[in-house]
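Novice: Protein chains in written order, with the numbering used here: chain A, 325 to 489; chain B, 2 to 180.
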């Protein structure tokens with residue numbers, strides 16, 4: 325049900341944006357639709373590999389190992405492992421999210437996976453090194469990284485408090 | 002300007018290689034039936050998310066075309082205090098584009114005189130709440146329930162990081178280290 329609402333809402337937003345672009349004119353609608361289509365074409369094989377492929381990766385991962393390390397009873401240590409793994413995950417979103425989904429499918433608990441994706445978003449070494457340090461003063465980047473250390477733990481804890489919707 | 006995504010990248014190649022090995026192992030170890038079962042189970046999820054992905058791509062492109070980056074920068078530079086952190090958080094949510102565009106904007110805040118807390122809140126907000134990554138990547142992989150669950154608690158985090166950063170910068174300034 326929720327997924328259906330989100331799906332419908334997304335297309336309402338698309339319609340609103342296209343309407344605004346149409347009012348602005350200047351070929352914005354055509355440019356937007358074409359670029360959006362190209363992005364979709366580029367994205368489809370990546371998501372296909374990640375989503376369909378993560379099932380196979382999950383099938384070969386021993387569930388008792390992941391379930392023990394990151395499972396529902398793994399607690400603070402599991403969250404810490406997930407956080408460290410997220411920070412050390414190389415590559416772009418395909419890698420990070422594929423690993424997250426595979427972990428979820430093979431016995432990791434959702435709060436730990438939330439800690440993993442949160443840590444990946446905040447700390448992913450490749451993004452910090454190749455984009456952030458280049459564009460911002462190094463001291464500010466370090467300050468951000470240090471101040472963000474509690475966040476994956478708070479995210480996992482908050483997710484546990486709320487419980488699955 | 003948008004940076005074009007490359008048609009080939011090493012991340013995808015790496016994931017594809019892992020999947021290929023895993024799929025071969027499943028086929029050799031568990032046989033055809035299990036191989037097909039895994040495939041059919043996930044293909045259904047994939048087909049289900051295709052329309053959402055298409056919408057996500059269009060929203061990403063159109064908002065990048067329609068929201069000027071300068072507007073976001075002006076918005077954040079103008080306020081301080083807790084309100085400043087809230088505005089920085091909102092700006093991070095609506096900020097279009099990827100890392101190529103976001104970090105320079107945060108750097109520009111600092112140059113324009115915004116406080117360190119606001120810059121940290123902005124970057125944190127973009128990484129955790131930015132719709133572009135959530136719609137295009139996270140939604141297809143994890144599904145709407147999971148994304149909403151993660152996001153339900155996330156709005157507090159940019160504020161927390163901003164406050165911590167501001168506090169740390171103050172302590173360091175007192176010791177003569179300028180951030």
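Yeah, the Cβ is synthetic: ideal placement off N, Cα and C, and Gly gets one too.
Just so you know, these numbers come straight off a predicted model, no measurement behind them.
1. Who are the near neighbours of residue 35/B in its chain, counting only those whose CB is closer than 7 Å to its CB and skipping five residues on each side?
2. Counting only Cβ-Cβ distances shorter than 8 Å, please list the residues of the region 50-63 of chain B near chain A, keeping chain order.
3. Between residue 341/A and the rest of its own chain, which residues show a CB-CB distance below 6 Å, the 5 nearest in sequence each way excluded?
4. Taking the C-alpha atoms as reference points, what is the distance between residue 355/A and residue 433/A?
5. Give me the chain A residues within the contact set of residue 105/B, using Cβ-Cβ distance strictly less than 7 Å, ordered along the chain.
6. Quick one: grab the DSSP three-state call for residue 176/B.
7. Within 8 Å, do at least three Cβ pairs link the region 332-351 of chain A to the region 152-163 of chain B?
8. So is residue 159/B buried or exposed if we call it buried at 16+ other beta carbons inside 10 Å?
9. Compile a chain-ordered list of the residues in the region 125-138 of chain B whose CB is closer than 8 Å to at least one CB of chain A.
10. Mind listing the chain B neighbours of residue 388/A? Cutoff is C-beta to C-beta under 9 Å, in chain order.
11. Just the chain A side, please: which residues come within less than 8 Å of residue 151/B by C-beta, in chain order?
12. Go ahead and pull the three-state DSSP assignment for residue 75/B.
13. For a contact defined as C-beta to C-beta under 9 Å, what are the partners of residue 91/B on chain A?
14. Under three-state DSSP, which class holds residue 473/A?
15. Does the beta carbon of residue 141/B come closer than 9 Å to any beta carbon on chain A?
16. Under three-state DSSP, which class holds residue 395/A?
17. Buried or exposed: residue 417/A, going by 16 or more other Cβ atoms within 10 Å of its Cβ?
Specialist: To lay it out plainly:
1. Apart from the 5 residues on each side of it in sequence, residue 35/B sits with its Cβ closer than 7 Å to the Cβ of 27 in its chain, given in chain order.
2. Within the region 50-63 of chain B, the residues whose Cβ lies closer than 8 Å to some Cβ of chain A are 50, 51, 52, 53, 54, 55, 56, 57, 58, 59, 60, 61, 62 and 63, listed in chain order.
3. There are no such residues.
4. Answer to the nearest angstrom: the Cα atoms are 42 Å apart.
5. Scanning chain A for C-beta atoms nearer than 7 Å to the C-beta of residue 105/B yields 459, reported in chain order.
6. In this structure, residue 176/B counts as coil in the three-state DSSP scheme.
7. With the cut-off at 8 Å, the region 152-163 of chain B and the region 332-351 of chain A do not touch.
8. Label assigned to residue 159/B: buried.
9. Within the region 125-138 of chain B, 125, 128, 129, 134, 136, 137 and 138 place their CB atoms closer than 8 Å to a CB of chain A, listed in sequence order.
10. None at all; the shortest Cβ gap to chain B is about 17 Å.
11. Within chain A, the residues near residue 151/B are 438, 441, 442, 479 and 483.
12. Under the three-state reduction of DSSP output, residue 75/B falls in the helix class.
13. Against chain A, a Cβ distance below 9 Å from residue 91/B picks out nothing, because the smallest value is about 17 Å.
14. If DSSP states are grouped into helix, strand and coil, residue 473/A belongs with coil.
15. It does; some Cβ of chain A falls within 9 Å.
16. If DSSP states are grouped into helix, strand and coil, residue 395/A belongs with coil.
17. Classification for residue 417/A: buried.
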